[in-house]
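4 protein chains.
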Amino acid sequence: MEIEIATIGGYEEVGRQMTAVRAGDDVVVFDMGLNLSQVLIHDNVETEQMHSLDLIDMGAIPDDRVMSELEGDVQAIVPTHGHLDHIGALSKLAHRYNAPIVASPFTLELVKDEIESEQKFGVENDLVEMEAGETMPIGERCELEFVHVTHSIIDAINPVLHTPEGAIVYGLDKRLDHDPVLEDPIDMKRFREIGREDEGVLAYIEDTTNAGRKGRTASESVARRELQDTIHSMEDYDGGIVATTFSSHVSRVSSIIEFAQEIGREPILLGRSMERYSGTAERMGRVNFPDNLGMFGHRKSVDRAFKRIMNEGKENFLPIVTGHQGEPRAMLTRMGRGETPYDIESGDKVIFSARVIPEPTNEGQRYQSEQLLRMQGARIYDDIHVSGHLREEGHYEMLNALQPQHVIPAHHDLEHFGKYARLAKSEGYEIGRDLHLSDNGNIIQLVE
Amino acid sequence: MEIEIATIGGYEEVGRQMTAVRAGDDVVVFDMGLNLSQVLIHDNVETEQMHSLDLIDMGAIPDDRVMSELEGDVQAIVPTHGHLDHIGALSKLAHRYNAPIVASPFTLELVKDEIESEQKFGVENDLVEMEAGETMPIGERCELEFVHVTHSIIDAINPVLHTPEGAIVYGLDKRLDHDPVLEDPIDMKRFREIGREDEGVLAYIEDTTNAGRKGRTASESVARRELQDTIHSMEDYDGGIVATTFSSHVSRVSSIIEFAQEIGREPILLGRSMERYSGTAERMGRVNFPDNLGMFGHRKSVDRAFKRIMNEGKENFLPIVTGHQGEPRAMLTRMGRGETPYDIESGDKVIFSARVIPEPTNEGQRYQSEQLLRMQGARIYDDIHVSGHLREEGHYEMLNALQPQHVIPAHHDLEHFGKYARLAKSEGYEIGRDLHLSDNGNIIQLVE
Amino acid sequence: MEIEIATIGGYEEVGRQMTAVRAGDDVVVFDMGLNLSQVLIHDNVETEQMHSLDLIDMGAIPDDRVMSELEGDVQAIVPTHGHLDHIGALSKLAHRYNAPIVASPFTLELVKDEIESEQKFGVENDLVEMEAGETMPIGERCELEFVHVTHSIIDAINPVLHTPEGAIVYGLDKRLDHDPVLEDPIDMKRFREIGREDEGVLAYIEDTTNAGRKGRTASESVARRELQDTIHSMEDYDGGIVATTFSSHVSRVSSIIEFAQEIGREPILLGRSMERYSGTAERMGRVNFPDNLGMFGHRKSVDRAFKRIMNEGKENFLPIVTGHQGEPRAMLTRMGRGETPYDIESGDKVIFSARVIPEPTNEGQRYQSEQLLRMQGARIYDDIHVSGHLREEGHYEMLNALQPQHVIPAHHDLEHFGKYARLAKSEGYEIGRDLHLSDNGNIIQLVE
Amino acid sequence: MEIEIATIGGYEEVGRQMTAVRAGDDVVVFDMGLNLSQVLIHDNVETEQMHSLDLIDMGAIPDDRVMSELEGDVQAIVPTHGHLDHIGALSKLAHRYNAPIVASPFTLELVKDEIESEQKFGVENDLVEMEAGETMPIGERCELEFVHVTHSIIDAINPVLHTPEGAIVYGLDKRLDHDPVLEDPIDMKRFREIGREDEGVLAYIEDTTNAGRKGRTASESVARRELQDTIHSMEDYDGGIVATTFSSHVSRVSSIIEFAQEIGREPILLGRSMERYSGTAERMGRVNFPDNLGMFGHRKSVDRAFKRIMNEGKENFLPIVTGHQGEPRAMLTRMGRGETPYDIESGDKVIFSARVIPEPTNEGQRYQSEQLLRMQGARIYDDIHVSGHLREEGHYEMLNALQPQHVIPAHHDLEHFGKYARLAKSEGYEIGRDLHLSDNGNIIQLVE
């Protein structure tokens with residue numbers, strides 16, 4: 001059976017991930033993501049109303065025109081988890097393919113939101129829910145399986161396409177966490193089984209975000225422990241405490257909520273995306289939030305919540321808000337600018353349970369946000385975080401578990417693929433033979 | 001005679017410089033500057049219409065309330081050169097004092113501009129022109145002298161207040177340049193004379209911007225040589241070339257103009273401040289620009305100039321524009337955004353004859369500006385620059401020339417004063433004895 | 001009563017700490033430390049045989065000649081904990097003073113070792129043990145108290161000299177740890193009491209190592225949690241695992257020992273200083289090591305241990321060795337060079353439970369050590385560590401607890417004191433009034 | 001005609017460069033270099049007495065075993081310039097091939113030195129001198145040409161192998177300098193001609209040392225101008241001035257000599273390699289040094305020279321010495337340690353006309369060297385330098401001049417090739433098609 005892999009997006013950047021695998025006549029697409037930074041660099045761009053081709057030209061969504069070179073039919077579109085760089089282009093591209101969108105439950109809910117907010121295209125693909133551990137047939141001879149992985153959002157999976165030539169493991173966006181906070185540990189047992197199966201693993205597409213970084217990515221439980229240490233150290237403080245983190249990182253949000261309560265404060269979630277992700281997780285029963293946990297996204301209800309906090313006393317609350325990267329319109333930045341009813345006073349504490357994504361724009365915005373907060377007397381606690389992506393030792397473990405015939409670095413650019421290649425070479429892979437450094441718009445032929 | 005020095009502004013930051021010296025009953029004020037970054041961090045602030053106290057609260061202009069503790073009359077306000085962090089608060093503070101503003105000719109012209117654009121206060125202080133090398137009496141027993149120094153703007157001086165107790169040398173903002181481009185070398189001979197005079201130097205206030213940086217600051221002629229090498233290397237290119245630099249840096253602008261002509265291109269200055277500084281220098285006969293050099297600041301005339309460039313062919317021009325720090329509203333940033341009639345095409349060259357002022361906001365904005373330019377195919381040449389401030393070896397040379405009894409580090413914060421103190425200590429000064437680490441709003445008593 | 005503080009060493013560097021407080025006729029000396037880097041930069045220097053004055057000239061030990069200006073008798077020499085930069089000059093300087101050395105039990109044991117290895121001077125000062133919480137009289141009107149603090153070595157204390165003018169709190173070298181591993185939490189309650197006492201706190205000498213670093217220093221329990229996550233992740237590995245950390249950091253060593261056992265390996269301590277600190281702690285009953293824990297320092301016994309490991313199988317052991325900074329003669333560096341019987345093989349894991357002390361010499365040596373290890377196939381896990389020094393929020397908490405009249409930043413240089421000064425100023429202190437930026441060899445008069 | 005390129009060394013590192021081109025039955029080898037850092041990381045390794053295979057195992061010299069897969073005879077070994085990473089393995093590998101070593105005159109002299117100091121192997125290859133602009137036949141249908149380029153050593157060339165299938169341009173180690181100090185400008189005219197010839201350029205092997213660095217590398221004349229500014233600024237100093245730079249950088253040495261004389265000091269060259277390179281250049285008439293310029297390499301004659309300097313007065317001399325990277329055994333480091341008769345006193349000036357090669361080992365050693373100098377009172381002037389390697393705009397110019405069918409990035413590792421690939425892709429090249437990311441030991445088939 002002919003096997004080809006099209007590396008469509010996210011092979012020259014982090015963002016706008018998209019990869020297609022053709023096995024005989026059947027094609028499966030993994031991820032359709034958005035590169036948000038290519039949007040935000042322009043003023044006043046509203047992607048909801050833009051056409052796909054314009055977004056492709058901007059470098060914002062994957063250039064899927066190479067799909068026409070794959071001789072097969074798309075059988076499934078598989079977003080692997082709910083981050084925008086993996087699902088953000090579905091509303092712009094999925095309608096071109098006559099195939100269902102197959103995702104884990106939490107991911108699928110977020111996909112629905114994306115589709116609903118789309119204003120240009122009607123996306124009518126079937127939405128199929130599939131849990132980690134389950135499988136579905138692809139064409140007559142292949143099978144799609146979801147393996148549970150741990151990442152900075154719940155319900156992340158690594159999809160595996162089982163073909164007669166061996167398995168194709170799409171390994172993006174995970175860390176090897178044996179003690180995550182809301183979920184089961186990563187299913188390394190299943191990866192090892194797949195590695196030992198008769199046909200073995202034909203190809204492994206690897207997440208190289210942290211390529212070149214020594215050691216292993218710590219467990220979410222390590223960040224949780226530091227967060228606990230930090231919040232507990234504030235127990236005696238009788239002023240304002242505010243926390244921010246990735247709103248999609250429901251486990252982290254859940255930890256903050258828990259520790260807020262432990263020091264006798266009412267947690268309250270503020271900001272549109274904070275409401276969206278946590279609200280979805282709660283409605284799905286994926287988290288065990290306290291009863292009556294306040295979550296507010298719309299301007300008016302946020303203002304009302306802030307006023308209640310100011311009336312009842314800041315010392316009784318711990319708002320968890322958007323704005324961990326200093327985004328100019330996010331809640332925390334607005335608080336820094338004095339645009340909300342919440343008064344930041346000298347000595348108030350602001351916890352960034354996040355790391356600045358290292359890019360000058362973010363660094364500048366985050367700096368400005370911190371400056372605005374500091375000008376009002378706030379004290380900053382930052383970097384209470386662990387990455388969601390594996391580091392070198394994770395790469396070694398995955399290669400060891402899967403023993404793939406071919407390896408394809410992804411989720412960054414050639415410079416980082418080069419770093420990963422050094423590692424893969426030390427495990428016996430050779431560039432051009434079984435280690436494939438690809439870029440956007442390229443097709444790799446594995447079995448002819 | 002009692003001598004006191006009030007360190008009013010610019011002792012906890014770079015920006016809003018202001019220092020006052022009282023000698024007996026007479027007070028001289030050196031600089032009244034603006035800390036622009038404290039303004040820009042807020043949205044939509046228009047300083048022209050703001051009251052002094054609000055600007056003081058924002059940390060934008062010096063908090064001159066300490067002046068009331070100086071028992072004497074202000075006899076002169078002396079801006080040392082035309083940069084905003086030295087003259088930008090004159091229009092907000094000078095009217096409070098019944099004293100003339102005394103400055104070198106080019107500086108005085110820029111002061112006039114500041115005063116004219118002020119909308120809140122009527123500034124009616126006398127404006128007195130004084131050249132480097134000249135003196136004026138201050139009260140009955142003191143004398144004010146201007147010593148010529150070299151900086152990144154023409155006509156910079158170091159004012160010296162000669163008192164019966166010795167000279168007070170206000171040494172901000174210079175490098176020791178023996179081969180500057182438009183001016184005479186720094187007048188080290190005069191500094192050495194002052195150091196040898198009978199009373200010697202009572203106090204030296206030093207520019208610590210580059211404290212802790214090894215070696216000497218190179219001459220402007222070194223930046224000029226690299227600029228020439230760069231522009232000449234583009235001689236065969238038949239597309240667009242654009243340059244940007246500090247608009248107040250008339251020597252640099254003049255070098256770019258010269259090299260543009262050497263490769264057969266018409267230089268043209270675009271942007272409000274570009275027009276202002278170079279226009280002023282030309283009207284005063286301080287530069288020898290080519291006849292008919294175009295300088296345009298107003299939106300309409302800029303657009304007209306750009307259209308002419310596009311019509312006659314980009315290959316015939318070299319626009320010199322504002323925007324070297326990636327300022328969001330500057331000309332180059334607007335060109336990057338496609339908001340001007342000038343089309344940037346693949347291969348076009350953009351020269352930044354400037355270094356990013358190392359602060360995350362600037363770095364983020366500059367990065368964005370470069371990204372916007374690159375997305376259109378521009379090629380970036382950066383860092384073709386030398387600093388306007390002396391480094392360690394300049395500090396040693398000045399101490400050696402002046403042999404001051406007291407040294408007061410200025411033009412930064414305590415962290416940098418600490419770096420300078422290490423150097424001064426190696427020359428025999430002692431903190432608290434003759435090496436004074438001060439901050440904003442403090443008064444140092446030198447002679448009681 | 002006259003009160004003076006002499007800032008003798010460690011006010012222009014980290015290392016060679018020494019401070020003396022005179023209260024009336026009585027003087028107490030806090031710390032006599034060694035700046036090891038000033039020794040190591042020279043080849044072949046053996047400090048054991050050197051005279052004090054030569055070591056002073058090298059900048060290696062405090063220049064205590066300023067002591068002659070203090071008009072009083074030394075009543076006690078108080079090393080605050082067992083790190084070399086606090087006790088390393090006792091053997092060179094203590095014999096000059098007719099006063100006992102007073103220290104907590106573990107510190108005192110390490111002081112004894114220092115004195116015994118000294119070859120030039122006979123140090124015959126009385127050695128007096130005093131526990132945290134205890135006090136002793138100093139002269140007729142003062143009292144010395146030890147307050148328990150948490151640092152990266154056990155038994156650290158902050159000494160407090162109670163005088164009729166208020167308490168002098170010598171606050172070097174601690175973090176505010178509420179969940180340390182082998183000890184009680186920091187005794188913040190006592191600090192708060194001292195702050196509320198009638199006379200209050202006259203002066204607080206603060207550890208500015210981390211001045212300018214946002215947030216709080218995490219608890220040792222956070223490093224322990226990450227260490228556990230890391231070591232447990234290696235449970236299935238059947239080759240060599242080696243760990244290194246600060247040999248004086250007995251809590252950390254103890255955690256590594258515990259986790260080694262949890263994954264079924266025998267921990268074994270190798271290297272002279274590893275044997276010394278852990279051996280001392282065990283003999284004193286301060287740790288609960290497994291029975292028969294091997295600790296070897298002498299070359300021959302180390303070689304024998306390595307041979308046993310190689311014979312019985314590397315997979316059964318976890319050597320904990322010296323060399324976390326890549327010191328050229330330390331055990332791990334020798335292992336990297338192949339100078340020991342231990343074979344490092346491809347895939348073997350090396351855990352650095354330490355951070356590189358940020359200085360180019362260390363960085364270069366550590367890099368070389370890692371390179372040597374990597375050339376043999378080792379995998380590096382690094383930075384599993386938390387600092388032993390408080391950060392900004394700890395500074396705020398201490399000022400808040402003690403409410404000192406005067407603050408004296410210490411344990412670094414003026415550049416860092418400048419950073420700390422910014423913080424202290426935001427709490428109302430003023431340079432020259434109650435915030436004293438001092439340097440080596442200076443005397444501050446607090447009460448005249 | 002079959003054309004293959006073997007990328008043998010320097011494709012995973014900077015150092016041990018070696019590339020072979022097979023055109024039909026004929027093979028030409030470009031460079032046989034040494035990776036010195038792989039030697040120096042070990043203690044006490046003397047390469048002169050080591051066997052090739054051991055050096056290959058250490059990663060110190062190219063692993064040329066892949067040469068056996070090239071079906072052709074080596075007709076020439078072509079070191080392109082005299083740096084060790086290009087000629088340092090000739091003495092270990094060249095004797096295995098029955099082919100002459102062909103090099104430009106200055107390079108050939110340095111090759112002779114290498115061969116003479118070799119103690120393990122007898123290297124008896126013919127040594128053939130060929131000037132830039134000259135050609136020699138290779139087999140029956142090919143021709144080897146040397147094109148003059150500008151680098152940080154004189155007489156550098158880019159060899160071009162003209163084949164019936166087009167030219168192979170080996171483009172390592174150059175900058176595009178239109179105003180170098182001792183030589184002619186780079187011969188861009190000839191590159192442009194080669195690009196326009198009928199067969200055009202089949203392949204271009206590019207120097208990616210500075211891949212990802214914006215702009216162009218400045219001309220040597222820019223470094224010269226800054227050096228002049230620096231040395232002239234010391235004219236009045238009456239103590240010691242010492243300079244260091246790359247001893248192989250004869251143009252730079254020559255500039256320093258010239259400026260030393262301009263300020264009335266006698267230049268004198270000290271250190272083995274300083275004597276070797278400059279001595280060779282002088283004997284060959286390639287520089288115009290002052291009569292009686294002292295050059296001393298052997299310990300005794302160096303000591304004698306230093307004594308003469310101390311006797312006649314340091315103010316009359318300007319020693320130019322080895323040690324710009326802080327190498328532990330180099331002259332400047334020994335001076336810092338006080339191991340030479342030259343006394344460094346407070347205020348003496350040390351000029352580093354070099355940049356630290358950015359690697360932690362170098363940074364650590366250089367830091368130590370500067371510290372030792374500073375501890376004696378020396379003042380450091382550093383970074384007076386321009387790189388010898390082209391930056392992005394040079395890459396664009398070369399691609400534009402040559403219009404090669406295939407591009408092969410070299411002289412670094414995959415991470416840097418990735419950066420270069422981004423640039424090449426913007427010019428229309430595609431990875432795997434005509435842009436070849438290779439590694440050590442690989443063969444690229446261009447024409448089958």
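Protein chains in written order, with UniProt numbering: chain A, 1 to 448; chain B, 1 to 448; chain C, 1 to 448; chain D, 1 to 448. Glycine included, each C-beta is placed from N, C-alpha and C at the ideal position.
Buried versus exposed, by CB contacts within 10 Å (16 or more), residue i
i      : result
D:H298 : exposed
D:Q17  : buried
Whole-angstrom distance between residue j and residue i, CA atom to CA atom
i      : j      : result
C:M331 : C:F296 : 11 Å
D:V181 : D:S251 : 6 Å
D:S346 : C:Y97  : 34 Å
C:K139 : C:P341 : This sequence places Gly at residue 139 of chain C; Lys is not what is there. Distance between the alpha carbons of C:G139 and C:P341 is about 57 Å.
B:G264 : B:Q405 : 55 Å
A:G326 : B:I153 : 35 Å
A:L40  : B:G9   : 37 Å
C-beta atoms of residue i and residue j nearer than 7 Å
i                      : j      : result
A:G133                 : A:T107 : no
residue 462 of chain A : A:P164 : Here chain A has residues from 1 to 448 only, and residue 462 of chain A is not among them.
D:V222                 : B:E124 : no
A:D31                  : A:G72  : no
Neighbourhood of residue i by C-beta distance below 6 Å, restricted to the same chain and skipping five residues each side
i                      : result
A:P409                 : E206, T208, F417, Y420
C:A281                 : V250, V287
D:F121                 : H95
residue 449 of chain D : Chain D is shown only over 1 to 448; residue 449 of chain D falls outside these bounds and no answer can be derived.
Same chain only: Cβ atoms within 8 Å of residue i, ignoring 5 sequence neighbours per side
i      : result
D:P358 : none
B:V302 : L270, G271, F296, M331, T340
C:I443 : E4, I5, A6, T7, V66, E69, L70
- Would you check if the segment 391–404 of chain B and the segment 378–398 of chain D touch, i.e. whether three or more CB-CB distances between them fall below 8 Å? Below 8 Å, enough C-beta pairs join the segment 378–398 of chain D and the segment 391–404 of chain B to call them touching: three or more.
- Task: Inspect the CB distances between the segment 137–156 of chain A and the segment 182–198 of chain A and report whether three or more fall short of 8 Å.
- Result: Taking a contact to require three or more Cβ pairs closer than 8 Å, the segment 137–156 of chain A and the segment 182–198 of chain A qualify as touching.
- Message: If contact is defined by three or more beta carbon pairs under 8 Å, each pair taking one atom from either stretch, is the segment 5–19 of chain B in contact with the segment 423–443 of chain B?
- Response: Contact between the segment 423–443 of chain B and the segment 5–19 of chain B is present, because at least three Cβ pairs lie under 8 Å.
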